[in-house]
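Sequence lines, in order, name chains A and B. The C-terminal residue of the first sequence carries number 223 in the working numbering, and the numbering is unbroken. The C-terminal residue of the second sequence carries number 685 in the working numbering, and the numbering is unbroken. C-beta atoms are modelled at their ideal positions from N, C-alpha and C, and glycine is treated no differently.
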Amino acid sequence: MSTNAAKNLFIYGSLLCFIVLVVLTIDTMGKLDQRAPEITEKVDAGKKVWHKYDCIGCHTILGNGSYFAPDMTKTTERKPKTYLIKFLIDPRSIKPDSAMPKLGITEKEADDLIEFLVWISKVDTNGWPPKPILAVAATSRAASPGQMIFQKYDCSACHQIQGLGGAAGPELTHAGSKQPDAEWHVRHLKDPASTVKNSAMPDFAHLSNEELNALAEYLVTLK
Amino acid sequence: MRYQSHKIALNFYTAAVLLFLVQVAVGIIAALQFIWPDFFILNFNTIRTLHINALVVWLLLGMMGATYYVVTEESETELWSIPLAQFQFWATVLAVGAVVVGYIVMGLNPQANMEVFGTRLLNEGREYIEAPRWADILIVVSVLLFLFNSLMTVLKTKKFTAVQGVLLGGLTFLALMYIPGMFYTKSMVKDQFWWWWVVHLWVEGSWELIAAALLAFMLHKLLGADVKVLAKWMYIETGLVLFTGILGLGHHYYWIGTPEYWLWVGGIFSSLEPIPLLVMVWDAFRTTRETRGVVQNKVGLYYTVAHAIFNFVGAGLWGVVHTIPQVNKWTHGTQITTAHGHLAFYGAYVLLILSMMYVTLPLIRGAKDFNQSRGYQAFWWMTISMVFIVITITGAGMVQAYLERLLGLDYVTVKADYNLWFWIFRAIFGVGFLIGAAIIVKDYFTIGKEKAAAVSGAAERA
């Protein structure tokens, strides 16, 4: 190959690739709005809060960002809004060992930010992040009625048992040793703040008595 | 010094090496914050911003210095305007200084990052391109002044060489690709779509063009290799870089809300991205082998060949292992990406700019002979440290992908408990890298300034 031929291949080949990229970009731009919910004023205000506090300096979103703190794409799917608002305003009052500092986020900003995160959780991301296959396999096994309720209400989004589950709320591996009174657990589930001061956990008063009792009985077995 | 314009190149190099040292020191703080989040007065987000922005800016300063050197050498004339180049240098340093002060103020008081004319005053809160809009405009003006001065220099003697063409073409492409990052979109998906145009088409497009041009220039300077053969291979390399790299952009569009066809486009083209980098390695070895025995500046050649090798390993191999969508689905957003980023930047660009310094500095300062042993020492301190940094982060990424993505363990648990020792080792090797960087800076200020006796004594001992 002569130098001139190589030069022409470089110039025209690159131009062709760039033109293909522009065509694909135009096509993509036309399709993006159908792959995500409508962007309201509140969602946009939340996105501006995201930028104001440089959240991406620690977190990832859609998998892109800083890898220092959890990905935010699906956070609102499993974490209750009441917990998230309290956490954003003063993280260490909810979780004393949290790496996240108090940034001065107001209640309105926290509310907008969560609205933005709800929006992002509904974007069609071609199946990312994938469901943890081994955890899914583990939860499909036969379980006690209380365990089934635990799974049904996704308690593991915030609580760990034997290392599996989220770290937003207290670990429950030894919940039965710490609090062996099943009635206390029922009261806690119905109104968390009545038993634990400043609790960020949402109430589960909408569960039937049968469900609450089964769940409490399961929790006291964790020793 | 053959041309007075080379003083300008030196100014850029000096700012670059000092910022390099800052970047590495700040990186160690960031590494320690993985172990103790409250270790420093500034939070991790500010420290990471400083770490990466310092990297990008010192590499750009190095590229500008190298370009001012190359265009004067290739065109065999002084710069079109030395005062303009001096003004551009100081204006850039002042603008960068102002941006850094802004980051620190925002880090100490996040509320200071207020909205002004629809944009953030101190930090845009967008990864890598955190610089606020006013700084974006200053950066564009600086790059335009730099390009204008370089192009006018080429036009002075009209010696249109292949190296100048690709180098200035790459720099123009770089300037143009900054624009997609300069507007606000309400959709985070569109935000990230355009943001990747900037980030990907810089580091896997225009920067690689600059790397290929500088590689050809250095091989010619060091070995006296045939310009025509070098030019032919440079065109083949850059052609392949853009053929695979432009549509390889698709590997960033797998999971951000973009249509599914990007899985195919990104998967196919990005899998091919290591090929041009392998050709560059072959090019460096072939040229060296064919002209063996006439090399004066051995340390310069050492860095040049190492740049080609680590460009291939870091950007090529460490990238291709997780670029296929079926793998990337599990590794996306994990420390695997951090490992790739560290080795790719070290190999592709840090070693590139350091090579240019080692090749051109003795020529600028008129040092026919210089103590090369410090250059080797620095190289091994940095390279061994970086390899172990990358191994520790790759290990952390593998543990994270398995425990978090496959088992479903919580992110914080994996980071704080299971990966703790990886962070500790990463910080220790970071200190090793800092020692290497410090030797580089000392060498930079010493080459061509040591007394002849000291040089020959050191050369004998080496």
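Q: Could you give the DSSP three-state label for L62(A): helix, strand or coil?
A: Position 62 of the first sequence, counted from the first residue, corresponds to residue 62(A). DSSP places L62(A) in coil when its eight states are reduced to three.
Q: Check each candidate in A650(B), V240(B), W646(B), R628(B) and name the one with the smallest Cα separation from W128(A).
A: Translated into positions along the first sequence, residue 128(A) becomes position 128. Nearest option by C-alpha distance: R628(B).
Q: Under 7 Å Cβ to Cβ from E683(B), same chain only, skipping five residues before and after it: list those, please.
A: By 1-based counting over the second sequence, the position of residue 683(B) is 460. Bear in mind that the predicted position of E683(B) carries a pLDDT of just 46, short of 50, making it unreliable; the figure below should be weighed with that in mind. Once the five neighbours on either side are set aside, E683(B) has no close Cβ partner at all.
Q) Can you name, in chain order, every residue of its own chain whose Cβ lies under 7 Å from the Cβ of L374(B), other than the five neighbours on each side? A) Reading the second sequence from its first residue, position 151 is the one you call residue 374(B). Closer than 7 Å at Cβ, skipping near neighbours: L391.
Q | Under 7 Å by beta carbon: chain B residues contacting G165(A) | A | Start at 1 with the first residue of the first sequence, and residue 165(A) comes out as number 165. Per Cβ cutoff of 7 Å: D633.
Q: Enumerate in chain order the residues of its own chain whose CB-to-CB distance from T561(B) is below 6 Å, with the five nearest sequence positions on each side excluded.
A: Position 338 of the second sequence holds residue 561(B). Excluding five sequence positions before and after T561(B), the CB atoms of its chain that fall closer than 6 Å to its own CB belong to I616, given in chain order.
(Q) With DSSP as the reference, identify every bridge partner of L164(A), one or two as the case may be. (A) Start at 1 with the first residue of the first sequence, and residue 164(A) comes out as number 164. In the DSSP output, where bridge partners are listed per residue, L164(A) has I161(A).
Q: List the residues of chain B that M1(A) touches, going by C-beta distances under 8 Å, in chain order.
A: Within the first sequence, residue 1(A) is the residue found at index 1, counting from 1. Simply K455, I459.
Q: Taking C-beta pairs closer than 8 Å, name the residues in chain B that Y218(A) reaches, listed in chain order.
A: By 1-based counting over the first sequence, the position of residue 218(A) is 218. In chain order: nothing, as chain B lies at least about 19 Å away.
(Q) When you compare the CB positions of Q387(B) and S298(B), do they come within less than 9 Å of one another, or not? (A) Residue 387(B) sits at position 164 when you count from the first residue of the second sequence. Residue 298(B) sits at position 75 when you count from the first residue of the second sequence. Against a cut-off of 9 Å, the Cβ pair of S298(B) and Q387(B) comes out as a contact.
Q. Which of the residues in the segment 64 to 84 of chain A, read from start to end, lie with their CB under 7 Å from any CB of chain B?
A. Going along the segment 64 to 84 of chain A in chain order, one finds N64, G65, S66, Y67, F68, P70, D71 with a Cβ nearer than 7 Å to chain B.
(Q) Quick test of your reading: I362(B) and L265(B), contact by CB under 8 Å. State the CB separation rounded to the nearest angstrom. (A) Here residue 362(B) is taken as the residue at index 139 of the second sequence, counted from 1. Here residue 265(B) is taken as the residue at index 42 of the second sequence, counted from 1. About 23 Å separates the CB atoms of I362(B) and L265(B); that is not less than 8 Å, and the two are not in contact.
Q. Just how far apart, CA to CA, sit A676(B) and I647(B)?
A. The residue you call residue 676(B) lines up with position 453 of the second sequence. The residue you call residue 647(B) lines up with position 424 of the second sequence. Residue confidence for A676(B) is low, a pLDDT of 48 falling below 50, so the modelled location carries little weight; the figure read from the coordinates is stated next. Near 43 Å, if we compare the C-alpha coordinates of I647(B) and A676(B).
Q. Pick from T25(A), L212(A), G13(A): whose alpha carbon is nearest that of P145(A)?
A. Here residue 145(A) corresponds to residue number 145 of the first sequence, with the count starting at 1. Closest option to P145(A), judged by alpha-carbon separation, among T25(A), L212(A), G13(A): L212(A).
Q.
Taking a contact to mean a Cβ-Cβ separation below 9 Å, would you say F466(B) touches T25(A) in this structure?
A. Within the second sequence, residue 466(B) is the residue found at index 243, counting from 1. Within the first sequence, residue 25(A) is the residue found at index 25, counting from 1. It is not a contact, given that the beta carbons lie outside the stated cut-off.
Q) For Q600(B) versus G659(B), is the C-beta spacing smaller than 9 Å? A) Position 377 of the second sequence, counted from the start, is the residue given in the question as residue 600(B). Position 436 of the second sequence, counted from the start, is the residue given in the question as residue 659(B). Their beta carbons are under 9 Å apart, which means Q600(B) touches G659(B) by this criterion.
(Q) Between N268(B) and C158(A), how many whole angstroms is the CB-CB distance? I'm expecting something under 8 Å. (A) Taking the first residue of the second sequence as 1, we reach residue 268(B) at position 45. Taking the first residue of the first sequence as 1, we reach residue 158(A) at position 158. Their Cβ separation, rounded to whole angstroms, is 24 Å, which puts N268(B) and C158(A) out of contact at 8 Å.
(Q) Considering only the alpha carbon of each residue, which of C17(A), G166(A), S121(A), T60(A) lies closest to D633(B)? (A) Sequence index remark: in the second sequence, residue 633(B) carries index 410 (1-based). That would be G166(A), whose Cα lies nearest to the Cα of D633(B).
Q | Reduced DSSP category for D90(A) - H, G, I as helix; E, B as strand; rest coil | A | On the first sequence, position 90 is the one that residue 90(A) refers to. Correct three-state label for D90(A): coil.
**Q.** Same chain, Cβ closer than 6 Å to Y236(B), five either side skipped, listed in chain order
**A.** Locating residue 236(B) in the second sequence gives position 13, counting from the first residue. G288, M580.
Q: Identify the contact partners of R35(A) in chain B, using a Cβ-Cβ distance below 9 Å as the criterion.
A: As a working note, residue 35(A) is residue 35 in the first sequence. Going along chain B in sequence order, the residues near R35(A) (Cβ under 9 Å) are V412, G480, T481, P482.
Q | Near-chain A residues of the segment 465 to 477 of chain B - C-beta to any C-beta below 7 Å | A | The residues in question are L465, F466, I469, L470, L472, Y477.
Q. What's the gap between the Cα of L84(A) and the Cα of T60(A)?
A. Along the first sequence, read from residue 1 onward, the residue named residue 84(A) stands at position 84. Along the first sequence, read from residue 1 onward, the residue named residue 60(A) stands at position 60. Between L84(A) and T60(A), the C-alpha separation is close to 17 Å.
Q) Do K451(B) and M29(A) come within 9 Å of each other at the CB atom, strictly closer than that value? A) Taking the first residue of the first sequence as position 1, residue 29(A) is located at position 29. Taking the first residue of the second sequence as position 1, residue 451(B) is located at position 228. No. Outside cutoff.
Q.
Measuring straight from C-alpha to C-alpha, what distance separates E217(A) and H51(A)?
A. Residue mapping note: residue 217(A) aligns to position 217 of the first sequence, counting from 1. Residue mapping note: residue 51(A) aligns to position 51 of the first sequence, counting from 1. In a straight line, the C-alpha of E217(A) is about 45 Å away from that of H51(A).
Q) Does the separation of the CB atoms of L424(B) and I469(B) fall below 9 Å? A) The residue labelled residue 424(B) in the question sits at position 201 within the second sequence. The residue labelled residue 469(B) in the question sits at position 246 within the second sequence. Cβ atoms of L424(B) and I469(B): closer than 9 Å.
Q: Determine which residues share a DSSP beta bridge with V339(B) and list them.
A: Along the second sequence, read from residue 1 onward, the residue named residue 339(B) stands at position 116. Its beta-bridge partners are T342(B).
(Q) Under 9 Å, CB to CB, which of the residues in the segment 119 to 132 of chain A have a partner in chain D? (A) The structure shown contains no chain D; the protein chains it does contain are A and B.
Q.
Can you check which of these residues, K230(B), N332(B), E347(B), is closest to Q309(B) by C-alpha distance?
A. Looking up residue 309(B) in the second sequence gives position 86. It is K230(B) whose Cα lies nearest to the Cα of Q309(B).
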